[in-house]
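Visitor: If you use UniProt numbering, the sequence shown corresponds to residues 1 to 596, in order. The C-beta atom is built at its ideal place from N, Cα and C for all residues, glycine as well.
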Amino acid sequence: MSRLQQALPETFVLLEKLSECHLKDDIYEHHKLLKLLPQRLQPQMLSQITEEKVVETQMELCERNCDFSGFFSKQLSSTEFRHGLICLIRAESEGKVTQEEAENMCHTAFGRIQIICCQSLQTELWLEKQPLLNTAAETGVYVKQEQQGCIFYLQHSDMDHMVMFQVCGTLAREINHLLGNILGPCNILVCSHLLTCNSQEKVCKVLAINHIHDSVEAKSLYLNPPAPGTEIPEEWYDALEMNILNNFEEREYVGYHSNEKYIYAVIIEELPGNSGQFTQRYKIDIGKEEPIEVSCLDLYQFKREMTQPTPSAGWELQLVEGATPHSSQQTTRSLPTSLEEAKKEIDKCLNDIWTLPKEERDKAIKRLYLRWHPDKNPDCPLIATEAFKYLMNRIEELTKGKGKSTGFHSSSSYSNFQDFFHQWNEEARRHRTSRERFPTGGRSYNFWSFNENIPRPNKEEGKRWCRQAQCDLNAAHKDIGGDSTEWCLFKVHQAVEKSLIAASYRNNGKQPNCSSISAMASKVSSYSPQLSGLSQLVRDLIALDVDAKKTQYPTYHSFPNIPNGQFRSHVPLKYLLTVEKSNNYFTQQKSTDTSL
Numbered sequence: 001m002s003r004l005q006q007a008l009p010e011t012f013v014l015l016e017k018l019s020e021c022h023l024k025d026d027i028y029e030h031h032k033l034l035k036l037l038p039q040r041l042q043p044q045m046l047s048q049i050t051e052e053k054v055v056e057t058q059m060e061l062c063e064r065n066c067d068f069s070g071f072f073s074k075q076l077s078s079t080e081f082r083h084g085l086i087c088l089i090r091a092e093s094e095g096k097v098t099q100e101e102a103e104n105m106c107h108t109a110f111g112r113i114q115i116i117c118c119q120s121l122q123t124e125l126w127l128e129k130q131p132l133l134n135t136a137a138e139t140g141v142y143v144k145q146e147q148q149g150c151i152f153y154l155q156h157s158d159m160d161h162m163v164m165f166q167v168c169g170t171l172a173r174e175i176n177h178l179l180g181n182i183l184g185p186c187n188i189l190v191c192s193h194l195l196t197c198n199s200q201e202k203v204c205k206v207l208a209i210n211h212i213h214d215s216v217e218a219k220s221l222y223l224n225p226p227a228p229g230t231e232i233p234e235e236w237y238d239a240l241e242m243n244i245l246n247n248f249e250e251r252e253y254v255g256y257h258s259n260e261k262y263i264y265a266v267i268i269e270e271l272p273g274n275s276g277q278f279t280q281r282y283k284i285d286i287g288k289e290e291p292i293e294v295s296c297l298d299l300y301q302f303k304r305e306m307t308q309p310t311p312s313a314g315w316e317l318q319l320v321e322g323a324t325p326h327s328s329q330q331t332t333r334s335l336p337t338s339l340e341e342a343k344k345e346i347d348k349c350l351n352d353i354w355t356l357p358k359e360e361r362d363k364a365i366k367r368l369y370l371r372w373h374p375d376k377n378p379d380c381p382l383i384a385t386e387a388f389k390y391l392m393n394r395i396e397e398l399t400k401g402k403g404k405s406t407g408f409h410s411s412s413s414y415s416n417f418q419d420f421f422h423q424w425n426e427e428a429r430r431h432r433t434s435r436e437r438f439p440t441g442g443r444s445y446n447f448w449s450f451n452e453n454i455p456r457p458n459k460e461e462g463k464r465w466c467r468q469a470q471c472d473l474n475a476a477h478k479d480i481g482g483d484s485t486e487w488c489l490f491k492v493h494q495a496v497e498k499s500l501i502a503a504s505y506r507n508n509g510k511q512p513n514c515s516s517i518s519a520m521a522s523k524v525s526s527y528s529p530q531l532s533g534l535s536q537l538v539r540d541l542i543a544l545d546v547d548a549k550k551t552q553y554p555t556y557h558s559f560p561n562i563p564n565g566q567f568r569s570h571v572p573l574k575y576l577l578t579v580e581k582s583n584n585y586f587t588q589q590k591s592t593d594t595s596l
């Protein structure tokens with residue numbers, strides 16, 4: 001209010017402070033007295049005629065991938081937070097709002113959340129569409145409402161408890177505003193508490209402490225991935241990638257085409273001995289007693305966006321920190337940007353397809369047909385339409401022996417493919433109709449935004465973390481026998497922590513949501529029977545003082561001691577044996593590609 005008083009003395013007649021009129025200092029009593037005046041004599045509140053806006057000219061964007069904004073982006077988009085928020089909405093309405101209605105409220109309110117992290121963030125007051133001079137002031141959080149959602153501006157800060165409390169409180173109030181102010185003051189406070197929870201267990205604990213019923217059915221929120229063999233809903237058929245130039249990762253959820261329907265399957269392994277692009281075969285789990293072996297042409301990845309937002313569980317959340325962060329997560333190949341590129345891709349695919357046995361060739365032609373069908377490409381109709389025409393002409397040429405390259409020998413005629421064209425056209429139209437009818441709640445049609453529970457293994461990111469873990473371990477070896485044992489132990493901690501993170505990326509494409517290496521090891525050990533000894537190995541390391549803080553900070557030792565000199569000389573020998581075991585363990589896991 002002080003910045004208003006400085007900016008408006010010449011524009012408005014401001015009410016004198018009532019404390020200077022012998023009415024004591026209680027501001028609430030002053031408000032009561034003002035309300036006793038006739039309506040026409042009551043002074044107008046300045047907050048009713050001014051608005052606060054961000055000073056864009058003074059905005060300095062934060063470096064990308066900062067922990068501060070990354071924490072909030074992850075919390076806002078998490079399944080756990082959505083779970084707790086739906087419980088709050090239902091509790092506030094005493095059950096009058098159904099779970100489905102609460103989910104839809106969240107979907108509608110959070111059509112798109114954008115987070116912009118700034119090194120410098122200022123706001124100023126505006127009156128009658130003009131900025132007021134001398135009203136600019138620093139702020140920690142600013143929210144800009146937009147037609148499709150809102151933008152959260154955060155001023156970068158260390159993970160200070162007071163700052164975290166302030167940001168969570170502001171976010172909770174704005175979330176309530178987006179929901180139509182459905183939450184009362186007490187539940188807004190609970191909402192801010194939920195924003196600090198990084199696990200379902202903690203969310204449930206917060207709900208219990210505040211006497212909020214956990215009214216969400218797990219099956220409705222898809223907290224568990226669908227069982228292999230479960231039929232994929234027809235609404236997601238158009239999300240299946242028809243591109244046949246894809247590679248599949250172990251434990252990846254995919255679509256498997258069988259008996260004219262698509263079902264969920266999990267990749268177990270690629271079978272050796274098939275090096276051709278379209279001759280690869282995989283062993284997959286479809287829920288039967290034994291895995292089955294299938295052609296790569298029967299398997300479909302779910303489309304991934306080329307510019308991946310932070311995965312969300314009910315809302316699309318985009319993190320903006322100066323520049324779009326790079327992701328090594330494998331993404332779906334986009335359609336070529338020009339017709340010439342499209343023709344080259346079609347020619348290359350047909351060149352390989354025509355050497356396949358008839359049954360496999362028919363499968364590949366169908367996928368190529370659907371990949372370029374205009375109904376399957378509403379975002380690029382011009383290129384898709386022309387490329388589709390080119391594909392049809394090339395198929396006709398090849399079946400009639402008029403291929404551009406020699407060596408094409410067709411065992412079927414063009415009329416044979418024509419028998420399938422009508423069927424494939426109908427399938428493309430059904431896919432488009434299902435996509436258009438799908439209730440996105442203001443969001444884009446994105447399989448992964450609506451199915452965060454399904455693991456998305458990220459082998460390349462896992463390898464990246466594993467490489468650094470090995471570098472840390474090599475550095476630790478060099479410190480053995482020196483006079484800085486604390487550094488040796490610290491580097492071991494770093495190596496183990498990064499190896500565990502690598503295993504998590506390899507399994508589900510995410511970092512573990514726990515902070516200690518013992519908790520990480522417990523979680524990672526559940527990924528595979530081959531990882532069962534991991535927890536004990538990490539406990540052995542912790543017993544040898546492998547700790548990130550004890551090895552670095554004097555506050556973890558009694559005065560006047562410091563970390564240097566606190567680890568006895570016989571420890572490195574025990575540590576060396578354990579480190580060698582750790583190194584061999586992770587190297588073995590990497591070579592077998594079980595965890596890394």
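Examine the ligand FAD and report whether any of its heavy atoms sits within less than 6 Å of the Cβ of C204.
Guide: This structure does not include the ligand FAD; it has no bound ligands of any sort.
Visitor: Is C296 buried or exposed, if buried means 16 or more other CB atoms sit within 10 Å of its CB?
Guide: Translated into the one-based positions of the sequence shown, residue 296 becomes position 296. Buried, by the Cβ-count rule.
Visitor: Which same chain residues end up closer than 8 Å to L179 when comparing Cβ atoms and leaving out the 5 residues on each side of it in sequence?
Guide: Start at 1 with the first residue of the sequence shown, and residue 179 comes out as number 179. So the qualifying residues of the chain are I89, M105, C106 and A109.
Visitor: By DSSP's criteria, G184 is part of a beta bridge. Which residues make up the other side?
Guide: As a position in the sequence shown, residue 184 is number 184, starting the count at 1. DSSP, once it has assigned bridges, lists no residue as partnering G184.
Visitor: With C-beta atoms as the reference, is N187 less than 7 Å away from E92?
Guide: Locating residue 187 in the sequence shown gives position 187, where the first residue counts as 1. Locating residue 92 in the sequence shown gives position 92, where the first residue counts as 1. Cβ atoms of N187 and E92: closer than 7 Å.
Visitor: Report the start-end ranges of each alpha helix (DSSP H) in the UniProt domain "HEPN" (466-579) that is 4 residues or longer and not cut off at the edges.
Guide: Here the runs fully enclosed are 485-508, 517-524 and 534-543.
Visitor: Quick check on DSSP: helix, strand or coil for H213?
Guide: The residue labelled residue 213 in the question sits at position 213 within the sequence shown. Here H213 sits in coil by DSSP.
Visitor: Out of curiosity, what's the CA-to-CA distance linking C150 and R173?
Guide: Position 150 of the sequence shown, counting from 1, holds the residue named residue 150. Position 173 of the sequence shown, counting from 1, holds the residue named residue 173. Taking the straight line joining both Cα atoms gives about 13 Å.
Visitor: For the alpha helix (DSSP H) containing Y390, name the first residue and the last one.
Guide: Position 390 of the sequence shown, counted from the start, is the residue given in the question as residue 390. First-last of the alpha helix (DSSP H) with Y390: P381 to T399.
Visitor: If you draw a straight line from the alpha carbon of V320 to that of L240, how long is it in whole angstroms?
Guide: Against the sequence shown, residue 320 aligns to sequence position 320. Against the sequence shown, residue 240 aligns to sequence position 240. Residue placement at V320 is poorly supported in this model, since its pLDDT is 45, which falls under 50; the coordinates are not used for a value here.
Visitor: Identify, in the order they occur along the chain, each residue of the same chain with its Cβ nearer than 6 Å to the Cβ of S312, setting aside the five sequence neighbours on each side.
Guide: Your numbering for residue 312 matches position 312 in the sequence shown. For S312, the predicted structure reports a pLDDT of 38, less than 50, and the residue's modelled location is therefore unreliable. The matter cannot be settled from this model.
Visitor: Determine the DSSP secondary structure at F68, reduced to helix, strand or coil.
Guide: On the sequence shown, position 68 is the one that residue 68 refers to. In this structure, F68 counts as helix in the three-state DSSP scheme.
Visitor: Within a Cβ cutoff of 8 Å, which residues of the same chain sit near H557, ignoring the five residues on either side of it in sequence?
Guide: Along the sequence shown, read from residue 1 onward, the residue named residue 557 stands at position 557. Result list for H557: K550, P563 and Q566, in chain order.
Visitor: E146: buried (16+ other C-beta within 10 angstroms of its C-beta) or exposed?
Guide: Residue numbering aside, residue 146 sits at position 146 when the sequence shown is read from its first letter. So E146 ends up on the exposed side.
Visitor: Between M59 and the rest of its own chain, which residues show a CB-CB distance below 7 Å, the 5 nearest in sequence each way excluded?
Guide: What you label residue 59 is simply residue 59 of the sequence shown in a count that begins at 1. Excluding sequence neighbours, M59 sits near C118, S120 and L121.
Visitor: Return the CA-CA distance between L500 and A476, expressed in angstroms with no decimal places.
Guide: Position 500 of the sequence shown, counted from the first residue, corresponds to residue 500. Position 476 of the sequence shown, counted from the first residue, corresponds to residue 476. Taking the straight line from one Cα to the other gives about 17 Å.
Visitor: Should L127 and T50 be called a contact, given that it needs their Cβ atoms to be closer than 7 Å?
Guide: Here residue 127 corresponds to residue number 127 of the sequence shown, with the count starting at 1. Here residue 50 corresponds to residue number 50 of the sequence shown, with the count starting at 1. A contact, by the Cβ cut-off of 7 Å.
Visitor: Closer than 8 Å is the cut-off here; do at least three beta carbon pairs connect the stretch 488-495 with the stretch 453-462?
Guide: Flag = no, the stretch 488-495 and the stretch 453-462 do not touch.
Visitor: How many angstroms separate the CA atom of N474 from the CA atom of S535?
Guide: For the purposes of this step, residue 474 is taken as the residue at position 474 of the sequence shown. For the purposes of this step, residue 535 is taken as the residue at position 535 of the sequence shown. N474 and S535: Cα-Cα distance of roughly 22 Å.
Visitor: Let me make sure I understand the geometry here. Which of F152, F165, C197 and S157 has the alpha-carbon closest to that of I175?
Guide: Within the sequence shown, numbered from 1, the residue matching residue 175 stands at position 175. Minimum Cα distance to I175 is reached at F152.
Visitor: Please state the DSSP three-state secondary structure of F302.
Guide: One-based indexing of the sequence shown puts residue 302 at position 302. Three-state DSSP puts F302 in a strand.
Visitor: In or out: E345 buried (at least 16 other Cβ within 10 Å) or exposed?
Guide: Here residue 345 corresponds to residue number 345 of the sequence shown, with the count starting at 1. That one is buried.
Visitor: Would K363 be called buried (16 or more neighbouring beta carbons within 10 Å of its own) or exposed?
Guide: Position 363 of the sequence shown, counted from the first residue, corresponds to residue 363. Burial call: buried.
Visitor: According to DSSP, T50 sits in a beta bridge with which residue or residues?
Guide: The count along the sequence shown starts at 1 and reaches residue 50 at position 50. T50 pairs with L127.
Visitor: Return the Cβ separation of V524 and L531 in integer angstroms, given the expectation that the two are a contact with Cβ distance under 8 Å.
Guide: Within the sequence shown, residue 524 is the residue found at index 524, counting from 1. Within the sequence shown, residue 531 is the residue found at index 531, counting from 1. Correct: roughly 6 Å between the Cβ atoms.
Visitor: Just mark E427 as buried or exposed, buried being the case when its beta carbon has 16 or more other beta carbons within 10 Å.
Guide: Taking the sequence shown and counting its residues from 1, one reaches residue 427 at position 427. Classification for E427: buried.
Visitor: Within 10 angstroms of the Cβ of N393, are there 16 or more other Cβ atoms? Answer buried if so, exposed if not.
Guide: Position 393 of the sequence shown, counted from the start, is the residue given in the question as residue 393. So N393 ends up on the exposed side.
Visitor: Taking just the CA atoms, how far does S526 sit from E289?
Guide: Counting from one through the sequence shown, the residue named residue 289 turns up at place 289. Counting from one through the sequence shown, the residue named residue 526 turns up at place 526. Rounded to whole angstroms, E289 to S526 spans 21 Å at the Cα level.
Visitor: By a C-beta neighbour count over all protein chains shown, 10 Å radius and 16 as the cutoff for buried, is K366 buried or exposed?
Guide: For this step, residue 366 is matched to residue 366 along the sequence shown. Result: buried.
Visitor: Can you check whether the C-beta of D285 is within less than 7 Å of a C-beta belonging to chain D?
Guide: The structure shown contains no chain D; it holds only a single protein chain.
Visitor: Compare the C-alpha of E138 against each of K144, T433, L132 and Q155 and name the closest.
Guide: Position 138 of the sequence shown holds residue 138. Minimum Cα distance to E138 is reached at Q155.
Visitor: Going along the chain, which residues of its own chain have a beta-carbon closer than 8 Å to the beta-carbon of A227, five neighbours each way excluded?
Guide: For the purposes of this step, residue 227 is identified with residue 227 of the sequence shown, where counting begins at 1. The residues are Y264 and G287.
Visitor: Counting beta carbon pairs with one atom in the stretch 68-87 and one in the stretch 194-210, are three or more of them shorter than 8 Å?
Guide: Enough Cβ pairs lie closer than 8 Å, so yes.
Visitor: Have a look at K35 and Q42 and give me their C-alpha separation to the nearest angstrom.
Guide: For the purposes of this step, residue 35 is taken as residue 35 along the sequence shown, with counting starting at 1. For the purposes of this step, residue 42 is taken as residue 42 along the sequence shown, with counting starting at 1. About 7 Å.
Visitor: Just verifying my parser: in three-state terms, what is the DSSP assignment at E290?
Guide: Locating residue 290 in the sequence shown gives position 290, where the first residue counts as 1. Three-state result, E290: coil.
Visitor: Once you ignore the five residues that flank L339 on each side, which residues in its own chain have a CB closer than 7 Å to its CB?
Guide: Numbered from 1 along the sequence shown, position 339 holds the residue referred to as residue 339. Same-chain partners within the cutoff: I383, E386 and A387.
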